[in-house]
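Structure record follows, encoded as structure tokens.
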Amino acid sequence: MATPGHVSGQALPNRVIPALGLLALALVWLMELGTIQPNRIVPGTGHGLLSAVGWLGAGLVTGALAGAIVLSFLSLRRRYWLLLGVVGLSLALMPLLLDVFALRHLPENAPYARSSIGAGFWCLLFLLSLMLIEILGRLRAGRSLQLMLLVVIATSWLLLLGAEGLESLSLVREFNARPDQFEQALRTHLALAFGAVAISAVVAFLLALKMIRSPGWQRPILGAVSFLQTIPSLAVFGLLIAPLSALSSAFPALQSLGIRGIGWAPAVLALIAYSLLPMVRNTYVAINGVPEHLVDAGRGMGMTERQLFLQVRLPLALPVIIEGVRITTIQAIGLTAVAALIGAGGFGGFIFQGLGEAAMDLVLLGALPTIGLALLADALLTMLAASLRPTPATT
Amino acid sequence: MRVWLPPFLLILLLCGLSLAMPMLEPVFHWMQPDKQSVIYDRDSFLFLLQNHLMLVGISAAVGTVAAVAGGIIATRRSGRDFLPLISQVASIGQTFPPVAVLALAVPVLGFGEAPILVALILYGLLPILRNTLAGIEGINPAVREAGLGMGMSPLQVLVRVELPLAGRVILAGIRTSVTINIATAAIGSTVGARTLGDPVIAGLVNGNTAYVLQGAILIGLLALTADSLFEALERTWERKVSPTATVA
Numbered sequence: 009m010a011t012p013g014h015v016s017g018q019a020l021p022n023r024v025i026p027a028l029g030l031l032a033l034a035l036v037w038l039m040e041l042g043t044i045q046p047n048r049i050v051p052g053t054g055h056g057l058l059s060a061v062g063w064l065g066a067g068l069v070t071g072a073l074a075g076a077i078v079l080s081f082l083s084l085r086r087r088y089w090l091l092l093g094v095v096g097l098s099l100a101l102m103p104l105l106l107d108v109f110a111l112r113h114l115p116e117n118a119p120y121a122r123s124s125i126g127a128g129f130w131c132l133l134f135l136l137s138l139m140l141i142e143i144l145g146r147l148r149a150g151r152s153l154q155l156m157l158l159v160v161i162a163t164s165w166l167l168l169l170g171a172e173g174l175e176s177l178s179l180v181r182e183f184n185a186r187p188d189q190f191e192q193a194l195r196t197h198l199a200l201a202f203g204a205v206a207i208s209a210v211v212a213f214l215l216a217l218k219m220i221r222s223p224g225w226q227r228p229i230l231g232a233v234s235f236l237q238t239i240p241s242l243a244v245f246g247l248l249i250a251p252l253s254a255l256s257s258a259f260p261a262l263q264s265l266g267i268r269g270i271g272w273a274p275a276v277l278a279l280i281a282y283s284l285l286p287m288v289r290n291t292y293v294a295i296n297g298v299p300e301h302l303v304d305a306g307r308g309m310g311m312t313e314r315q316l317f318l319q320v321r322l323p324l325a326l327p328v329i330i331e332g333v334r335i336t337t338i339q340a341i342g343l344t345a346v347a348a349l350i351g352a353g354g355f356g357g358f359i360f361q362g363l364g365e366a367a368m369d370l371v372l373l374g375a376l377p378t379i380g381l382a383l384l385a386d387a388l389l390t391m392l393a394a395s396l397r398p399t400p401a402t403t
Numbered sequence: 003m004r005v006w007l008p009p010f011l012l013i014l015l016l017c018g019l020s021l022a023m024p025m026l027e028p029v030f031h032w033m034q035p036d037k038q039s040v041i042y043d044r045d046s047f048l049f050l051l052q053n054h055l056m057l058v059g060i061s062a063a064v065g066t067v068a069a070v071a072g073g074i075i076a077t078r079r080s081g082r083d084f085l086p087l088i089s090q091v092a093s094i095g096q097t098f099p100p101v102a103v104l105a106l107a108v109p110v111l112g113f114g115e116a117p118i119l120v121a122l123i124l125y126g127l128l129p130i131l132r133n134t135l136a137g138i139e140g141i142n143p144a145v146r147e148a149g150l151g152m153g154m155s156p157l158q159v160l161v162r163v164e165l166p167l168a169g170r171v172i173l174a175g176i177r178t179s180v181t182i183n184i185a186t187a188a189i190g191s192t193v194g195a196r197t198l199g200d201p202v203i204a205g206l207v208n209g210n211t212a213y214v215l216q217g218a219i220l221i222g223l224l225a226l227t228a229d230s231l232f233e234a235l236e237r238t239w240e241r242k243v244s245p246t247a248t249v250a
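Chains as they are written, first to last, in my numbering: chain S, 9 to 403; chain H, 3 to 250.
See below:
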């Protein structure tokens, strides 16, 4: 059925998917899918796949994984699309497993009892995601397909998690206990990370211009910003406390602005310091890397230096500058979580509070959104950079 | 060997300061006159430094072996199928913030040194893996062909041609990995590892700026020392292994 030549690459058996599928099968059967806890702190009793979701659920999970393995061996022309269907649907419906688990095992009339997600579920999620990445790679899927798939899976998760059966899930419980705090943390986290990125973008732009105008500055500026990047975040936060509190006690006006040794002020300063290296380096390389013949062409058309900069150099440099913004943003989102240690707020607050109280679900409530934000920023900025990339006239 | 002078001096400074921190008591007293104790004394600084170094060292060693092995397997003909997935994972994995990875390790593995070590190894693997792939893939195929044409076995081509040529890029990956892990290990003291982050965390909890400063200075120095060591190592590598590729 496969015509030799253009589908031959597709018809070769794929070894990656069976490897991932077998590993997933083994782990999902060997590890605990979920735990039931009588209350927040007491350790719970774990349930394996069969005990957690019964024969039907276990059969469906096994069937989906086995189906994916078998499909990857068949030499069907459309098998990657079929695989995409199987794996995508499994991923989208995964919360149902938790739903069934809670329905089967949660004791009645126990308002503090909660179900939590076990290692088996996380492994299944991870391996299915890897399979999805592999399939999308083989299909050479475009951005739009990837985005659509992501939206479908995310919507399905949100709908299923919002449904009634899952309010016993400990993660949902933790969220429901503090929806306002969560919103506040989200707002603080975004404000800190994006505020720092925005400020450092402006500073980095000026520094990069300085480096281009006077090349003598190149070494000292790059040296200084890479020195800043080397110092661990905890040390930078720590080192900023003493000078900032000295400043604020010397100038009470600063204190009324909220600038103190702890809080948002040292956090933003440290985040800016960290953001400078990727930002300066990328901006400099981007603007400097614009081919000189293109600039000459503009000059020949009678453009002024200002026009040359704004209409030739900057648009051509923009994708690489955005790449710098992407690296910086991801880094800033992660570091903002650490900044919670010096009282800056954000999702890190949940993480460290949870670690302090040994309440693991609170840790998850902080860690998962942080990861989500980083992945989201990565996806959006990659797309932005791709859409700004000029399409070459040749090739 | 002038390149080895800065790391040598920094190592001396780091060890000296870890030993002599209690002697600086008057300075910290002057900074914080209202506190009774101004020198962190729950553990000696030398012990914390040692523990911090051990965590970073083990994770770097295990991570390097695993990542380089993985990179080599994925670039052989028999492992080529896995190459796209592995390189995707290496780049997507790095978007995960290290703190979040550290925090996720605790619910799965519990508190203490072991979960931190696992998190450090897994996270530290990614930059090394990525650079190993980039380094080996970046070699001109003609060079490999030339090696085979000279009658080298595939293993000899790997050991004598590919790895030396990719070495500098791999070394840069290890440097990134160690830099990140020194920072992450410091945060690790919030999940029960005893590292140089301890004085910082203790100081933040008790509002004792002197503790914070002591921890922060030593962590910063440690990071600078490691960085300058790698700088010297990279320079030496450049001169010894690939004398023609002097332009970085």
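Beta carbons: idealized from backbone N, C-alpha and C, even for Gly.
Which stretch, first to last residue, makes up the beta strand (DSSP E) that contains residue 45 of chain S? 42 to 45
What do you reckon, are the CB atoms on residue 320 of chain S and residue 284 of chain S nearer than 8 Å? no
Using the Cα positions of residue 339 of chain S and residue 326 of chain S, report the straight-line distance between them to the nearest angstrom. 20 Å
Cα-Cα separation between residue 179 of chain H and residue 185 of chain H, rounded to whole angstroms: 10 Å
Could you pull the start and end residues of the alpha helix (DSSP H) that residue 71 of chain S belongs to? 57 to 81
Can we say the region 112 to 129 of chain S touches the region 68 to 75 of chain S, given the rule of at least three CB pairs closer than 8 Å? no
Using 10 angstroms around the beta-carbon of residue 272 of chain S, count the other beta-carbons present and answer buried if the total reaches 16, otherwise exposed. buried
8 Å Cβ cutoff met for residue 168 of chain S and residue 174 of chain S: yes
Under a CB-based cut-off of 8 Å, is residue 22 of chain S close to chain H? yes
Distance, Cα to Cα, residue 145 of chain S vs residue 72 of chain H? 19 Å
For the region 198 to 217 of chain H, which residues have a CB atom closer than 8 Å to at least one CB atom of chain S, in sequence order? Look at the region 198 to 217 of chain H: the residues with a C-beta under 8 Å from a C-beta of chain S are 199, 202, 203, 205, 206, 211, 214, 215, 217.
To the nearest angstrom, report how far apart residue 403 of chain S and residue 299 of chain S are at their CA atoms. Unreliable placement is indicated for residue 403 of chain S, whose pLDDT of 44 sits below 50; the coordinate value is still reported in the next sentence. The alpha-carbon atoms of residue 403 of chain S and residue 299 of chain S are separated by roughly 18 Å.
Rounded C-alpha distance that separates residue 2 of chain S from residue 198 of chain S: Residue coverage of chain S in this structure runs from 9 to 403, which leaves residue 2 of chain S outside it and unanswerable.
Does the distance from the C-beta atom of residue 16 of chain H to that of residue 227 of chain H stay below 8 Å? yes
With 8 Å as the threshold, decide whether the Cβ of residue 129 of chain S is near any Cβ in chain H. no
For the region 183 to 199 of chain H against the region 149 to 167 of chain H, are there 3 or more C-beta pairs whose distance is under 8 Å? These segments do not touch.
How long is the line joining the alpha carbons of residue 215 of chain H and residue 49 of chain H, rounded to whole angstroms? Pairing residue 215 of chain H with residue 49 of chain H, the inter-Cα distance amounts to about 18 Å.
Contact between the region 358 to 371 of chain S and the region 276 to 294 of chain S is defined here as three or more beta-carbon pairs at a separation below 8 Å; is this criterion met? no
According to DSSP, is residue 161 of chain S part of a helix, a strand, or is it coil? helix
If you draw a straight line from the C-alpha of residue 394 of chain S to the C-alpha of residue 158 of chain S, how long is it? 18 Å
Can you find a CB in chain H that lies within less than 8 Å of the CB of residue 17 of chain S? Low confidence applies to residue 17 of chain S: its pLDDT is 48, below 50, so where it sits in the model is not reliable, and the reading given next is rough at best. Closer than 8 Å: no.
In its own chain, which residues sit with a C-beta less than 6 Å from the C-beta of residue 70 of chain H, not counting the 5 before and 5 after it? 134
Best match in S:96, S:109, S:51, S:54 for proximity to residue 64 of chain S [C-alpha to C-alpha]: S:109
So which residues on chain S does residue 143 of chain H lean against when the C-beta distance must stay under 8 Å? Neighbours of residue 143 of chain H on chain S: none; closest Cβ ~20 Å, over 8 Å.
Count the other CB atoms, across all protein chains shown, that sit within 10 Å of the CB of residue 103 of chain H; report buried if there are 16 or more and exposed otherwise. By the 10 Å Cβ count, residue 103 of chain H comes out buried.
Are the C-beta atoms of residue 220 of chain S and some chain H residue less than 8 Å apart? no
What residue range does the beta strand (DSSP E) around residue 122 of chain S cover? Per DSSP, the continuous beta strand (DSSP E) segment holding residue 122 of chain S begins and ends at 122 to 125.
Can you list, in chain order, the residues of its chain with a C-beta nearer than 7 Å to that of residue 353 of chain S? Leave out the 5 residues immediately preceding and following it. So the list reads 193, 196, once near-sequence residues are dropped.
Range of the contiguous alpha helix (DSSP H) that encloses residue 195 of chain S: 187 to 221
Identify the continuous alpha helix (DSSP H) that holds residue 322 of chain S and give its terminal residues. Counted as a single uninterrupted DSSP element, the alpha helix (DSSP H) harbouring residue 322 of chain S occupies residues 322 to 347.
Proximal residues, the region 89 to 101 of chain H versus chain S, C-beta separation under 9 Å: 90, 91, 94, 96, 97, 98, 99, 100, 101
Can you look up residue 53 of chain S in the DSSP assignment and give me helix, strand or coil? strand
Could you give the residue range of the alpha helix (DSSP H) that holds residue 226 of chain S? 226 to 238
Kindly indicate if chain S contains any beta-carbon less than 8 Å away from that of residue 8 of chain H. no
Those runs of the alpha helix (DSSP H) which lie wholly inside the region 256 to 322 of chain S and span at least 4 residues: 260 to 264, 272 to 296, 300 to 308
With a CB to CB cut of under 7 Å and the five nearest residues on each side skipped, what residues in its chain are close to residue 133 of chain S? Around residue 133 of chain S: 102.
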